[in-house]
Each structure stands twice: as structure tokens, then as C-alpha cells.
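Enquirer:
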Ligand code: AMP
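In the numbering used here, the protein residues as written are 12 to 461.
Set out below in C-alpha cells:
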């Protein structure tokens with residue numbers, strides 16, 4: 012039955028959408044509905060609550076926006092009739108852009124609200140009358156508590172990237188919101204993965220939901236090819252990065268992920284010095300405008316490399332990303348799925364390349380379990396110089412491996428404890444960070460290697 016229903020829907024015209032939406036879809040260049048759209052749109056239009064398991068890149072945003080735009084239909088009254096909650100301002104902005112795109116031929120009033128800037132303009136926009144609000148949970152609640160937002164007309168509540176919202180600790184705000192909005196409403200919840208917390212949330216939030224799932228849990232999008240390189244240390248990672256990025260034609264729009272803000276900064280600075288193309292870094296220490304500008308420039312194609320940490324990268328919606336390079340392996344394993352979902356979006360082919368040192372291989376094995384596949388591994392190309400691991404880095408890696416072993420087996424004493432081999436940091440005169448000096452030493456190609 013389900014199969015038959017799916018077969019029937021092969022074009023957007025098959026949904027009972029209106030002319031305004033069909034025109035906008037055609038202009039957006041969407042030729043046919045993606046699988047999540049095929050499944051979810053008819054159910055949402057029929058008024059069901061939905062539990063949607065879909066990664067970013069599957070077309071999930073349009074899957075909930077099209078029925079929503081059809082339902083809210085035209086500007087009416089003063090107060091919002093639909094709210095979409097999202098974990099980050101980047102995602103809020105991206106969803107808002109999608110509303111602008113798909114709602115182009117409607118007169119619907121919508122806005123995105125998020126923290127990080129004063130609420131004045133947001134309050135002004137809302138007070139002029141609004142139909143749809145896209146918001147981060149915290150800012151939405153703030154405006155409500157200030158009395159700037161009336162929620163009694165709300166008919167639809169959508170939670171996007173629910174797993175990220177749980178990770179970021181938004182449960183209390185979401186609970187507060189649920190308490191103050193009308194009970195009779197349609198609820199949609201979308202999440203890339205279904206950890207226990209999201210299951211719990213969905214039980215609290217959804218009523219008799221229909222479940223739609225486009226890929227098994229945490230399965231990377233099919234159009235992404237993945238490869239793993241074991242790279243012994245930071246310096247060799249840099250050499251490998253440099254080697255790969257020489258191929259400007261192949262690596263034309265690349266996101267490089269790092270685990271820390273510091274590595275993001277350092278990689279970006281390194282790439283700048285190599286003069287391989289425009290580079291921008293986005294991470295938590297960057298001001299909002301800098302982040303927005305960086306994303307826009309990357310989207311527009313003026314910037315070839317975006318170096319990002321996981322949190323900063325949430326909600327990036329850029330098509331035609333040629334490669335995602337995992338300079339570091341994420342410790343939050345689901346972030347791997349999110350990261351590689353940035354390439355191969357909506358039918359485009361993409362590639363993901365991961366660098367892992369010996370300690371990171373532990374996390375690779377966990378990620379492989381999560382995605383239920385083994386990452387194909389390749390040897391480092393002969394042209395890439397393999398540097399010796401400096402003493403401090405070697406120590407860090409060895410200690411991390413010890414920690415991993417202890418985690419797996421609490422009785423494990425650890426090589427370091429037995430031998431008492433951790434030498435106390437020798438007092439040096441300069442006390443320079445060995446890694447920092449490495450980054451500074453590595454100059455433009457050719458001049459940095461000795
Ligand atoms: P999402 O999974 O919502 O983040 O969407 C990923 C990308 O796919 C966005 O750039 C959308 O504009 C695009 N997209 C959504 N639906 C379609 C479709 N039916 N055909 C082609 N591209 C689409």
C-alpha cells in the first residue's frame with residue numbers, strides 16, 4: 012500500500028498544492044519531490060503529527076514548509092499561527108530563507124528570531140503582525156515572557172533538528188513553550204538521529220504521530236563517498252591537507268572541520284598563507300556578523316574554503332560543496348553524520364575525507380558502529396611527507412589512548428601509571444606552546460618544510 016502511494020507521487024503537481032507554491036517550486040529548480048517530501052507532505056497535509064527522521068540534505072525543510080505554507084496560506088490577524096524551532100541562528104536563517112524562496116508568491120509575513128543581538132528589531136517586526144516565526148527556543152521564550160509575543164493563535168509547531176536541540180540543552184525552554192501554547196495544534200518533529208532524549212521528547216510532544224524515515228538511523232547520505240586516512244600527527248595532517256587542496260578543480264568548495272576553535276583558527280591561517288584560495292573560519296568566538304558574512308561568501312562561491320567547528324557549522328545549507336574534510340575526528344559521533352551531510356546535498360555527489368591519528372581511531376571505530384559501515388581506508392599518498400610526531404604530541408596521544416582503555420576497562424592501569432612515565436613539564440625559558448610554534452613556522456608552500 013505504502014509503496015503504491017509512493018509510486019503515485021512522482022511530481023510536485025501530484026500533491027494538492029496551490030499555484031503560488033508550484034510556481035515557487037519551479038523557480039527554485041526543484042524538479043521532483045525528494046523521498047522525505049514524497050512521504051511527509053501528504054501526511055502533513057492530512058493533518059497528522061509527524062516524527063520525521065531525516066538528515067539535513069534530504070530536502071526535509073521543504074517537506075514541512077510546503078504543507079505549512081499551504082495551511083497558513085495568507086497574511087491574517089496579528090499573532091503567529093505557526094512556529095518553527097531550530098537550535099541555532101544559522102539554521103533559523105536558513106529556514107527563513109527557504110520560506111522566502113517557497114513563499115515568494117504568497118503575502119505571508121514571517122521572520123527569524125534568535126539571540127546574539129538585541130531584540131528590538133525582532134519585537135518591531137512581530138508587532139506589525141506576523142504569520143510564521145522561526146526561532147531558537149531561548150529567544151522565543153524571552154520575547155514571550157516580556158509580553159511581546161502572543162501565542163494563542165498557534166496552530167502548528169515544528170521542531171527542526173531536535174537531536175541538536177537536545178544536545179544544546181534546550182529541553183527546559185521547549186517544555187516551557189509547550190506549556191504556554193494552545194493544546195489543539197499540529198506538531199512536527201524532525202531529527203537526523205533518534206537518541207533516547209529525542210524519543211522522550213517525541214513522546215511528550217507528538218500525538219499519534221506518523222513516522223517517516225528516509226534513511227536508516229544515522230546512515231550517511233548515499234551520494235557521499237567516504238574515505239579515511241590514518242595520519243600520525245598534526246604536522247602530517249597539514250601536509251596531507253595541503254597536498255589535497257592543490258587540486259583546485261576537484262576541491263573547489265571545501266568545508267574543513269576541526270574539533271576546537273583553536274585548530275579552526277590555525278588551519279584557516281595556514282591556508283591563508285598558502286594562498287590556495289579565499290578562506291574563512293567560523294567558530295564560537297566569531298561574532299555573528301562575521302559568521303553570517305563568511306557563510307554568505309562561501310555560499311556565493313567567493314570563498315573556496317570554510318573552516319568550521321561543529322557547533323558553528325550547524326545549519327549550514329550550501330549546495331555543491333565538493334568535499335568535507337574532517338581534519339579532526341568528532342567526539343560526538345553524530346556530528347560525523349552531520350558533517351558529511353554538508354556535501355552531497357540534494358542529489359549532488361559529494362566526498363568526505365577523514366584524517367585520524369592513532370588515538371582518534373578509537374572514535375572512528377565508534378562512528379563506524381553508528382553508521383553501520385566500515386570507512387574505506389586508504390594509505391597516505393607517497394607524495395605526502397610523513398613527519399615524526401613531536402614528543403609532546405606523542406605524549407598527548409598516548410595519554411588519550413590510555414584514557415580510552417580505562418573507559419573500556421576500568422581495571423586497566425595504564426602504561427603511564429605503571430611506568431610513571433609522564434615527565435613533569437620541564438621548565439623552559441620561553442614556555443612557548445610547541446603546537447603554536449609549529450603553526451607559525453609553517454610558511455608558504457616550499458618554504459615551511461625542511
Ligand atoms: P534540506 O535537507 O532541507 O536542508 O535541503 C537540502 C537542499 O536541497 C536545500 O538546498 C534545498 O533547497 C534543496 N532541495 C529541497 N528539496 C529539493 C527538491 N525536491 N529537489 C532539489 N533540491 C531540493
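Just so it is clear, CB atoms sit at the ideal spot from N, CA and C, and this is done for glycine as well. Please read all numbers here as calculations on a predicted model, not as lab measurements.
Considering only the alpha carbon of each residue, which of 113, 73, 92, 44 lies closest to residue 31?
Expert: Cα-wise, what sits closest to residue 31 is 113.
Enquirer: Alpha carbons only, please: which of 393, 24, 27 is nearest the one belonging to residue 247?
Expert: With distances taken between Cα atoms, residue 247 lies closest to 393.
Enquirer: Residue 278 by DSSP, collapsed to three states: which one?
Expert: Note: residue 278 maps to helix in three-state DSSP.
Enquirer: Would you say residue 71 touches the ligand AMP, meaning its beta carbon is less than 7 Å from a heavy atom?
Expert: Yes; taking the cut-off as 7 Å, the Cβ of residue 71 has a heavy atom of the ligand AMP nearer than that.
Enquirer: Residue 42: beta carbon under 7 Å from a heavy atom of the ligand AMP?
Expert: Because some heavy atom of the ligand AMP lies under 7 Å away, the Cβ of residue 42 counts as near it: yes.
Enquirer: State the beta-bridge partners of residue 240 as determined by DSSP.
Expert: In DSSP, residue 240 forms a bridge with 366.
Enquirer: Using only the alpha-carbon positions, how far apart do residue 151 and residue 119 sit?
Expert: Residue 151 and residue 119: Cα-Cα distance of roughly 20 Å.
Enquirer: Is the closest heavy atom of the ligand AMP to the C-beta of residue 48 under 7 Å?
Expert: Yes, the Cβ of residue 48 comes within 7 Å of a heavy atom of the ligand AMP.
Enquirer: For residue 309, name the three-state secondary structure that DSSP assigns.
Expert: Helix, per DSSP.
Enquirer: Report buried or exposed for residue 269, applying the criterion of at least 16 other Cβ atoms within 10 angstroms of its Cβ.
Expert: It is buried - the Cβ of residue 269 has at least 16 other Cβ atoms within 10 Å.
Enquirer: Spell out the partners DSSP gives residue 122 in its beta bridges.
Expert: DSSP output for residue 122 lists 144 as bridge partner(s).
Enquirer: The beta strand (DSSP E) that contains residue 169, what's its start and end?
Expert: From DSSP, the beta strand (DSSP E) with residue 169 extends over 167-170.
Enquirer: Check the DSSP bridge columns for residue 197 and list the partner residues they point to.
Expert: Beta-bridge pairing links residue 197 to 167.
Enquirer: Using DSSP with H/G/I as helix, E/B as strand and the rest coil, what is residue 94?
Expert: Note: residue 94 maps to strand in three-state DSSP.
Enquirer: For the putative contact between residue 67 and residue 203, defined by C-beta atoms under 8 Å, what is the C-beta separation to the nearest angstrom?
Expert: The Cβ separation is near 7 Å, so the contact holds.
Enquirer: Does the beta carbon of residue 68 fall short of 7 Å from some heavy atom of the ligand AMP?
Expert: Under cutoff, so the answer is yes.
Enquirer: On a Cα-Cα basis, can you pick out the residue from 291, 180, 144 that is closest to residue 169?
Expert: Comparing Cα positions, the closest option is 144.
Enquirer: Out of curiosity, what's the CA-to-CA distance linking residue 39 and residue 48?
Expert: In a straight line, the C-alpha of residue 39 is about 15 Å away from that of residue 48.
Enquirer: Should residue 90 and residue 159 be called a contact, given that it needs their Cβ atoms to be closer than 8 Å?
Expert: No, they are not a contact pair.
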